[in-house]
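Following: one structure in structure tokens, then a few remarks.
In the numbering used here, the protein residues as written are 95 to 827.
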């Protein structure tokens, strides 16, 4: 107890009586500039690591670091037999610091390429989207192609692994265009790469063409088949695009059969996209049946009444039967990211293959020269009994000296200097070899080595020819059953609006301002699809283009509505409108032009409180405008709309009159002619008299403007008001 009390008191005393020197100073906060510099340095280090050591392949061997480490592990475990993937993953963790999951995923991806790895077990299927079995159930080993073209320890530069315990290759000596054959995808900090796979045989043939200084072209080839439009491939650089389509064949009656899927699309995702298109009303689907086994077979059956001539185009337009792919060829070159087209990558790989073959030949030459030198030394040592000179030698130095003296008269026959190691090698010649020496056989071996040396030197002098022969050997051995699977084609763009099934009816409720396919009451405008647009003009002079939906409020007082397409941009509209406040009225002809969906456009320029009194569509349109009766005021005007210029939708109209309009009604051409005959003596007064406000407007045109297409094939205006649109306006002042 006393101890605790004493310690406590002492502690309290110490804390109260502490001197300033005992107080630990609080470090000053870092300034913003130092923090920003630290952040930038760390971020750049992280970004550089992700780019160069994880996501982007190296153009030297076409591999990402995890792929290179996997292949190195396979090579270290190679004994001709299959290895459990679980064991390979564990072995690879000596080199790859990011865990077993990333190694397993990358190993499965390499195995599914069917190029460098022989697989055994359920490795999944990229076509159906089925995943591979667990690592403990599947096995792998290097393929013959990989063993022949990917590895060569004497041509490989190594570095220390992440923990310093092991050595791993900086780049594997790959001697064919592996990067272009497999393709690659990766996302790094601020960078992305997507290199499409190419045909193995075509790549090797292109290498031969390059070595012969002949032109060549490369286009992607996908293991899933289908067809591809490469018109915008642009050598696989950023900004390029290819379109890939499934192979669709006619089935029985109302069905089609999908035999091949686009690259990157699985059968499951393709079926989901077909069902989604059906749910949105874009295709009339009865059912989909997936019979895929070894080959893709998806049977798509449509409902009765479907135009089978359009269903294939509809599948391309609304489902994943057609997809667009945007390649971006980004690689690591000399330790830095670089954009390279597939043509440049192939040239680089070919030059590197040629250099690797040269280095391999030089290594062979050095080994052959060393063998010839050693065999010649042994031959001289035995046949000239130089070994007898060392019997009286008592020290190691004297032994070597006697051998060197014995070789002196014969050194002219040798092709290199005799070294200390050569002398040591001669001391290790066994008595059995001396006693069983066959001079004739020794000469034959030297001649064979000489012939091999001549061949190697000849190949070094004709390196291009040797490289082409090497490529030909690869084609002969590994080019079988590697024909192009994807057909090159040119696709016509399928316009979705042209192939969509119009399965719904569109209605308009003019009074309450609604349009839609689910209106309980309203006027029918016609059949529509979810892709259709609807043009609406309201009484207050607003024009808007909206999407055809179940219900859409556009504004009360709809005077015109129609299903609208780009072809209707040049359709001519004729309107008479007024300002409710001032009673002034105008005549206007216009075309809709380009529009933005759901954006309103004012048609009645000059009217603060506008109201459309009359609307018609097309050429040869006539109208009777009746003004409210006033003393000495002409009340009847007969309008021929063709006499007015066609303007843009935002332009102002030509002033008709400052007095309030009582009614506007449509006239036929015959009615207009009859009315004009009745007032022939007053012809100058039948046309609208321009006011001062109209002086700024364009004068009426005497020449007919270019005819525009009617809004509807039958000449109707989809319920737009015609004769007697506003027959009684006298109740307004």
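C-beta: ideal position from N, C-alpha, C; glycine also. Everything numeric in this text was worked out from a predicted model, so none of it was measured.
Cβ pair residue i, residue j closer than 9 Å
i: residue 293; j: residue 574; result: no
i: residue 568; j: residue 270; result: yes
i: residue 364; j: residue 272; result: no
i: residue 250; j: residue 263; result: yes
i: residue 49; j: residue 301; result: Past the edges of the chain, shown from 95 to 827, lies residue 49, and the structure says nothing about it.
i: residue 330; j: residue 436; result: yes
i: residue 393; j: residue 382; result: yes
i: residue 727; j: residue 750; result: no
i: residue 830; j: residue 159; result: Residue 830 lies beyond the residue range present for the chain, which begins at 95 and ends at 827; the question has no answer from this structure.
i: residue 712; j: residue 673; result: no
i: residue 645; j: residue 684; result: no
i: residue 557; j: residue 321; result: no
i: residue 165; j: residue 235; result: no
i: residue 561; j: residue 248; result: no
i: residue 154; j: residue 446; result: yes
i: residue 466; j: residue 544; result: yes
i: residue 584; j: residue 315; result: no
i: residue 462; j: residue 520; result: no
i: residue 693; j: residue 675; result: no
i: residue 353; j: residue 369; result: no
Residue i - partner residues in DSSP beta bridges
i: residue 706; result: 671
i: residue 347; result: According to DSSP, which records beta bridges pairwise, residue 347 is partnered with nothing at all.
i: residue 829; result: The chain is shown only over 95 to 827; residue 829 falls outside these bounds and no answer can be derived.
i: residue 629; result: 639, 656
i: residue 392; result: 352, 384
i: residue 683; result: 668, 740
i: residue 732; result: 718
i: residue 213; result: 234
i: residue 292; result: 314
i: residue 321; result: 339, 581
i: residue 379; result: 396
i: residue 550; result: Bridge partners of residue 550: none, in fact.
i: residue 759; result: 718
i: residue 617; result: 602
i: residue 751; result: 679
Cβ distance (whole Å) where residue i is taken to contact residue j below 8 Å
i: residue 55; j: residue 677; result: The structure shown does not extend to residue 55, since the chain is modelled only from 95 through 827, so no value can be given for it.
i: residue 637; j: residue 601; result: Wrong, their Cβ atoms sit about 20 Å apart, outside the cutoff.
i: residue 198; j: residue 229; result: 5 Å
i: residue 648; j: residue 709; result: So it is not a contact: roughly 16 Å between Cβ atoms.
i: residue 144; j: residue 283; result: 5 Å
i: residue 427; j: residue 266; result: 16 Å between Cβ atoms; not a contact.
i: residue 641; j: residue 705; result: So it is not a contact: roughly 27 Å between Cβ atoms.
i: residue 325; j: residue 422; result: So it is not a contact: roughly 18 Å between Cβ atoms.
i: residue 408; j: residue 395; result: Not a contact, Cβ separation roughly 14 Å.
Environment of residue i [buried if 16+ CB atoms lie within 10 Å]
i: residue 687; result: exposed
i: residue 376; result: buried
i: residue 44; result: This structure leaves residue 44 out entirely; the chain is present only between 95 and 827.
i: residue 276; result: buried
i: residue 389; result: exposed
i: residue 604; result: buried
i: residue 503; result: exposed
i: residue 492; result: exposed
i: residue 665; result: buried
i: residue 139; result: exposed
i: residue 772; result: exposed
i: residue 205; result: buried
i: residue 482; result: exposed
i: residue 766; result: buried
i: residue 668; result: buried
i: residue 525; result: exposed
Residue i (DSSP reduced to helix, strand or coil)
i: residue 280; result: strand
i: residue 424; result: strand
i: residue 622; result: strand
i: residue 469; result: helix
i: residue 555; result: helix
i: residue 514; result: helix
i: residue 509; result: coil
i: residue 539; result: helix
i: residue 189; result: coil
i: residue 768; result: helix
i: residue 259; result: coil
i: residue 725; result: coil
i: residue 416; result: strand
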